[in-house]
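Asker: Sharing a structure with you now.
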Amino acid sequence: MSDDDSAIAMDREAIDDLLGTGGVGVLALADADEPYAIPMSYGYDADERAVYLRFGYAEESEKRRFVSRSDGAALVVAVEGDDGWASVVVRGPLTEVPEAAIDGTVVESIRAVDIPYFTIYDEPARDLAYQLYRLDAEEVTGRREKPSIGIE
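If you're matching positions, the sequence shown starts at 1 in full-length UniProt numbering and goes up one per residue.
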């Protein structure tokens, strides 16, 4: 069975529903030909078509190096449920949101999303430096499992 037989493209509404207001996905970055992917919690603003990510940086952060050297980023969100699997890939530039730039519009966007707490660090959260980033969705694709037609 080919991929075309087992999966179908998702429309904008289905993609927005899957991304919801937030969750956990895998963020992929690269430094030249060296890939880097990490699980990240995110918030999604469907109106702005933007993903907000709150990065926690340890003292000698490999993530910080990749963020500073990547031209773009990709966030992959996958779910599996009673209706089968579905996944969305969001690609675009990742830009730092400086505290000074967090105006009323950004605050409203962030309030509309739900960034779950998720950590992969051994260090206590108080020992990390935090920075907010925005991934502007220049390209968004979604695929879901094609429903099976069968007799039960």
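We put the beta carbon where it would ideally sit given N, CA and C, even for glycine.
#1: Compare the beta carbon distance of A73 and L18 with 7 Å and say whether it is the shorter of the two.
#2: Alpha carbon to alpha carbon, how far is V26 from D47? Give it in angstroms, no decimals.
#3: Would you mind listing the alpha helix (DSSP H) stretches within the stretch 50 to 86 that are 4+ residues and don't spill past its ends, in chain order?
#4: What is the residue span of the alpha helix (DSSP H) that D37 lies within?
#5: Name the DSSP bridge partner or partners of A129?
#6: Have a look at E138, L135, A86, S41 and flag the residue whose alpha-carbon is nearest the alpha-carbon of E145.
#7: Taking buried to mean at least 16 other C-beta atoms within 10 Å of its own C-beta, is D16 buried or exposed?
#8: With a threshold of 8 Å on Cβ separation, who are the neighbours of R49 within its own chain once the five nearest residues in sequence on each side are excluded?
#9: Closest to residue 203 by C-alpha separation, out of V77, R143, R91, Y130, would be which residue?
Answerer: Let me spell this out:
#1: As a working note, residue 73 is residue 73 in the sequence shown. As a working note, residue 18 is residue 18 in the sequence shown. Contact flag unset, no.
#2: The sequence position of residue 47 within the sequence shown is 47, counting from 1. The sequence position of residue 26 within the sequence shown is 26, counting from 1. For D47 and V26, the distance between alpha carbons rounds to 22 Å.
#3: 62 to 69
#4: Translated into positions along the sequence shown, residue 37 becomes position 37. Reading off the sequence, residue 37 comes out as Ala, not Asp. Premise fails: A37 lies in the beta strand (DSSP E), 34 to 45, not in any alpha helix (DSSP H).
#5: By 1-based counting over the sequence shown, the position of residue 129 is 129. Paired residue(s): Y57.
#6: Here residue 145 is taken as the residue at index 145 of the sequence shown, counted from 1. Nearest option by C-alpha distance: A86.
#7: Here residue 16 refers to the residue found at position 16 when the sequence shown is read from its first residue. Buried is the call here.
#8: On the sequence shown, residue 49 is found 49 positions in, with the first residue counted as 1. D136, A137, V140, listed in sequence order.
#9: With the chain represented from 1 up to 152, any question about residue 203 goes unanswered, as that position is not in the structure.
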